[in-house]
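Chains as they are written, first to last, in the working numbering: chain A, 1 to 196; chain B, 197 to 392.
The beta-carbon is built from N, C-alpha and C at its ideal position, and this holds for glycine as well.
Report on the following structure.
2 protein chains.
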Amino acid sequence: MKLLEERIRKDGVIKEGGVVKVDNFLNHQMDIRLFNEMGKEWKRLFVDKPINKILTIEASGIGIAAIAAQYFDVPVVFAKKTQSINLDGEVYSTKIQSFTHGRVYDVIVSKKYISAEDHILIIDDFLANGCALLGLIDLVEAAGATVEGIGIAIEKGFQPGGGLIREKGYHLESLAIIDRIQKETNELIFRQNCTK
Amino acid sequence: MKLLEERIRKDGVIKEGGVVKVDNFLNHQMDIRLFNEMGKEWKRLFVDKPINKILTIEASGIGIAAIAAQYFDVPVVFAKKTQSINLDGEVYSTKIQSFTHGRVYDVIVSKKYISAEDHILIIDDFLANGCALLGLIDLVEAAGATVEGIGIAIEKGFQPGGGLIREKGYHLESLAIIDRIQKETNELIFRQNCTK
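Quick look at the structure:
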């Protein structure tokens, strides 16, 4: 998606170790107009899918998922990190390794909000090694629900997550895929794909 | 706001100790259509304020704030709980006591995203004792920015937060204020206010 690629080039900050910080517009400050364009694009890419619910994970997926949900006219469920004493009843749970925070999270979703009848679009901000996404897929499949598609804002094409998920046959649409970062110039090289 | 009050009556679950669970539509599963009506209502209530940014706190404030931001055409910044190693540079920080989770959080916001020129609308899902909200006000005022208003989805009128915040002179608009819960019938009694 050209609009997102241009924004990453303009406002993304490249750090050591392939870290691209986009907290100016994506995951600390959120550009809601941009999120609307992303939502429209996912709707175009998943238009033929019978999606009745969006699943994301706290915290930075929530804003993107909420705005995107307007184009599908469906509710959003966000998976929660660590058991909240306020979340009663039975939950589906999985463990997700976070490289960013250097720890393992328990991630849960109430059984009330995903069931075998659900056709789920998973939305998240980043895809790198794929741990978070595989955890969300686990939760959906534990409920017997169907993963109709996966929408990611920014995929790091030089990390294994995207390849892993596509090999498993999931319909994954990343709006911007960073294939590499030119060492000398710090230029971002994006993969050509089918997004607008 | 009648629509929200009716929804709380219909789908809220009353627990021991004055806990009202609304994870069916507000803070686990999110009803995005309802959030749009809430956003419209806050716009009506704060229409005369020169708001240029919305501040909320992860996680359950984010979806509401993102949708509401569309009616103000402004970006959203969400304050983060605990220091993320991926959030560099200087931050404003405060400590917030969470009674729900029985612990104290460090809450931070990057200095890049709130400045003295900002006119902030604070949005959050719940107001009970007011700890989270006072923390967010701290962050805004540490930056020298102006709190133009505070929009809350559900206020527990039988807890001290709302009174405390209003006494300090802030323009607080809670879309539903639960004044008490009838012990025998578990009926929710809402405060009459100026929301639609």
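Asked, Found
"Is residue 228/B helix, strand or coil when you go by DSSP?", "helix"
"In its own chain, which residues sit with a C-beta less than 6 Å from the C-beta of residue 209/B, not counting the 5 before and 5 after it?", "217"
"What are the start and end residues of the alpha helix (DSSP H) that includes residue 61/A?", "61 to 72"
"What first and last residue would you give for the alpha helix (DSSP H) that runs through residue 336/B?", "327 to 338"
"Classify residue 118/A as helix, strand or coil using the three-state DSSP reduction.", "coil"
"Alpha carbon to alpha carbon, how far is residue 16/A from residue 125/A?", "20 Å"
"When we look at the beta-carbon of residue 203/B and count the other beta-carbons within 10 Å, is it buried (16 or more) or exposed?", "buried"
"Look up residue 235/B in the DSSP assignment and say whether it is helix, strand or coil.", "helix"
"Closer than 7 Å by beta-carbon distance: list the chain B residues that pair up with residue 199/A, in chain order.", "No statement about residue 199/A is possible, as the shown extent of chain A runs from 1 to 196 and does not include it."
"Please confirm whether residue 2/A and residue 156/A have their CB atoms less than 8 Å apart.", "no"
"Within the same chain, show all residues whose beta-carbon is closer than 6 Å to that of residue 94/A, passing over the 5 residues directly before and after it, in chain order.", "107, 135, 138, 139"
"Spell out the partners DSSP gives residue 151/A in its beta bridges.", "123/A, 173/A"
"Mapping DSSP to helix, strand and coil, what is residue 106/A?", "strand"
"Mind pulling the chain A residues with CB within less than 7 Å of residue 266/B?", "32"
"So, are the CB atoms of residue 72/A and residue 43/A less than 8 Å apart?", "yes"
"Can you give the Cα-Cα distance for residue 244/B and residue 271/B, rounded to whole angstroms?", "18 Å"
"Assuming the contact rule is C-beta atoms closer than 8 Å, residue 288/B and residue 276/B should be a hit. Round their C-beta distance to whole Å, please.", "Not quite, the Cβ-Cβ distance comes to about 11 Å (not below 8 Å), so this is no contact."
"In three-state terms, what does DSSP make of residue 207/B?", "helix"
"Between the stretch 147 to 155 of chain A and the stretch 164 to 182 of chain A, are three or more C-beta pairs nearer than 8 Å?", "yes"
"When you compare the CB of residue 259/B with every CB in chain A, is at least one pair closer than 8 Å?", "yes"
"Please confirm whether residue 23/A has its beta-carbon closer than 8 Å to some beta-carbon of chain B.", "yes"
"Measure the C-alpha to C-alpha separation of residue 50/A and residue 170/A and round it to an integer number of angstroms.", "15 Å"
"So the alpha helix (DSSP H) residue 361/B belongs to, where does it begin and stop?", "357 to 363"
"When you compare each of 389/B, 278/B, 312/B, 254/B to residue 329/B by their alpha carbons, which one comes out closest?", "254/B"
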